[in-house]
Amino acid sequence: MPLQKPLKASQELIQELNRIAVLKRVRDKGPISRADLARETGLSPSAITSLTGALIRRSLIHEKELGVSRKGRRPVLLEFNYGGGILIGVEIEMDKVAIATTNLRGSLLNIQRCPFEDHSPDTVLKKTASLLRNVLEEVRASKISLYGIGVSFPGVVDVQTGACLFWADPGWGYIEVKKSLEADLGLPVLVEEDVRAEALGEFWFGLAQEVSNLVCIRVDNGVGAGVIIDGHLYRGTHNTAGEIGHIMVDPDGARCTCGHVGCLQTKISAPAIVRQAIEGLQHHPESALSGIPPGEITLQKIFDLKKSDPLCQDIFEEVSIFLGIAVATVVNVYDPEMVILTGSVIEQADELLERGKVTETRQVLRTAADKVDIQKSGFGENAGVVGAAALVFHNLISGPRFG
Ligand SMILES: [Zn+2]
C-alpha cells in the first residue's frame, strides 16, 4: 500500500479528526462517560463537551444512563444512537434497482425493487431518481434525520466524481451517475462500485465487523472483489483494484465483455454459465435443458439439474473449480482474515462455496490455507442495498477524507 501524502493541517481538519475519534470511541466502547472519552482520546474536557454536544445535536449519540461514580456525582454515559437517523441504500443493477432505508446498524426498515423497462442510462437514472423522490418524501414525513444516500453501481466507478467509467453493457460508456442523481434530487449522493459497497456493508454491519483485512467477492452478472486493508477501502491508482473478473484463466477461452479472451468472468458469471449451458447442448442432446427455448434457460434451472443432468453437472463442477481459483488468488495476493462471497451465482448454489473451498485450499500457500475464514454473506439478496447504505455510514464515521 503506498504511503499516504501528509494532509494539510488546518483547524477544520483537526476538528474532523477529533470528531471521528470521539464518534468511534462512543460506538465501539459506549456507554462511556465524557471523562473516559477525554482520557482515551487525550482531548481536553472542554473539547469533549463541545464535540459530544455537536454529535448529540446531530442525533448520532445520546445520553444513556448514569454510570458508576468514583466519588461524588454519577457521570452521564454516552451511547451511539443507532435509531437516531436513517440511511438510504440504492443498488443499481443492469436490469433493476433496489432502494432501502436502514437504521445505523444497517437493519432494513423498508425495501422496494423495481425492474427497468430498458437498459439505457437515461431510463436507469431517471427511474432511480423518481423512486428516490418518493422514498425521500416518506422519510421527510417521518421527521427522522436522514444521514445520506449511498448508491452502489456495477462497473468501474470513479469515487471522486461518482461517474461510471466503464460498464460492460453495450451502449454504456462514461455515465455521470452522481451528477445526474444529485441534479434530479437536489441532494448529495455517494456512488461506489457495487462490490466495494458490499465490502463496506460486511465491514460495518455484517460478518466482518471484527475484521481489519477483508476481501468481498461478488459473482453475479460480472465478477469483482472489494478489498479492505487495515480498515481502509482499497481502490488502487485507477479505481480498478479488485477487478479479478478480468484475470485471464484460459488462453483459449471465450471473448470477454472487456475485449480480452478467457477472463475469469467468462467462466463463472451468471451470463457465462447460461452461455455454457446453451453451447453445451450441441454435445448433450439428452440434457433436460434441450426442451427449453435458449432464452428461457436460467441459472436457477441449470443449478436445479446439477445432480441429475450430466451437462449441468459438468458446468457446476467447472464453476466450482474456477470459483476456488478466484478465492485462492485473492487469498494469495491480499492475505485477508476473511473472504466473503456475494451475488446471484453464490446465492443460488450453497454447495458452490464448499466445493470452491476444496480447490482454494490446494492453491493457497499453506501458511494461510487453514486460517482464512471463507463465508457466504449473511445479507443474501440484500447485500447490495445494505452495502450502499454502509457507504453513507462509512462516510459518517470515517469522514469524507479518510474513507
Ligand atoms: Zn475481461
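For the sequence shown, this note's numbering assigns the number 914 to the initial residue and increments by one for each residue that follows.
The C-beta atom is built at its ideal place from N, Cα and C for all residues, glycine as well.
Is any heavy atom of ligand 1 found at a distance shorter than 7 Å from the C-beta of Ala-1158? Note that residue 1158 is Gly in the sequence shown here, rather than Ala. Result yes, Cβ under 7 Å from ligand 1.
Which whole-angstrom value is the C-beta distance of Gly-1172 and Asp-1163, which I expect to be below 8 Å? Actually they are not in contact, since the Cβ atoms of Gly-1172 and Asp-1163 sit about 16 Å apart, beyond 8 Å.
State the DSSP-derived secondary structure class of Gln-917, mapped to helix, strand or coil. Since pLDDT at Gln-917 reaches only 45, below the 50 mark, its modelled position is unreliable, and the value read off the structure follows with that caveat. Correct three-state label for Gln-917: coil.
So, with DSSP's three-state summary, where would you put Glu-1156? coil
Whether Ile-969 touches Val-939 by CB criterion (8 Å): no
In chain order, what residues of the same chain lie with their CB nearer than 8 Å to the CB of Leu-1098, ignoring the 5 residues before and after it? Ala-1042, Leu-1045, Arg-1046, Leu-1049 and Ile-1062
Label Lys-1009 either buried or exposed according to how many other C-beta atoms from any shown protein chain fall within 10 Å of its C-beta, with 16 as the threshold for buried. exposed
Considering only their Cβ atoms, is the gap separating Leu-1017 from Phe-1306 smaller than 8 Å? yes
Is DSSP giving Asn-1023 helix, strand or coil here? The answer is strand: DSSP assigns Asn-1023 an E or B state.
Tell me Glu-976's beta-bridge partners as DSSP assigns them. Leu-991
Evaluate contact between the stretch 1086-1098 and the stretch 1070-1078, counting only Cβ atoms and requiring at least three cross-stretch pairs below 8 Å. Counting Cβ pairs under 8 Å, three or more are found: they touch.
Helix, strand or coil: how does DSSP classify Ser-1257 here? helix
Among residues of its own chain, excluding the 5 on either side of Leu-1059, which ones have a beta-carbon nearer than 6 Å to its beta-carbon? So the qualifying residues of the chain are Ile-999 and Val-1052.
Let me check one thing: in DSSP terms, what residues is Gln-1288 bridge-paired to? According to DSSP, Gln-1288 shares a beta bridge with Ile-1253.
Just the C-alpha distance for Ile-1001 and Leu-1266, rounded to the nearest angstrom, thanks. 30 Å
Short of 6 Å in beta carbon distance, which residues of its chain neighbour Phe-1315, apart from the five on each side in sequence? Order them along the chain. Bear in mind that the predicted position of Phe-1315 carries a pLDDT of just 43, short of 50, making it unreliable; the figure below should be weighed with that in mind. Correct list: empty, nothing qualifies.
Helix or strand or just coil, what does DSSP make of Arg-971? coil
What are the uninterrupted segments assigned as alpha helix (DSSP H) that are 4 or more residues long and contained completely in the stretch 1084-1115, given in chain order? 1090-1098
Ordered along the chain, which non-local residues of its own chain (more than five positions away) have a Cβ less than 6 Å from that of Ser-923? none
Which runs of the alpha helix (DSSP H) spanning at least 4 residues fall entirely within the stretch 1136-1211, listed in chain order? Correct list: 1178-1181 and 1183-1193.
In whole angstroms, what separates the C-alpha of Glu-929 from that of Asn-1308? Taking the straight line from one Cα to the other gives about 12 Å.
Report yes if the C-beta of Gln-1178 is less than 7 Å from at least one heavy atom of ligand 1; otherwise report no. Answer for Gln-1178: yes, Cβ within range of ligand 1.
Who are the Cβ neighbours of Pro-915 in its own chain at under 7 Å, not counting the five residues just before and after it? Residue confidence is low: Pro-915 scores 40 on pLDDT, short of 50, so the model does not pin down where it sits. Its coordinate-derived value is still stated next. Once the five neighbours on either side are set aside, Pro-915 has no close Cβ partner at all.
Hey, quick one: how far does the alpha helix (DSSP H) through Phe-1306 stretch, first residue to last? 1296-1311
Out of Arg-987, Glu-1004 and Glu-992, point me to the one whose CA is closest to Ile-945's CA. The option with the nearest alpha carbon to Ile-945 is Glu-992.
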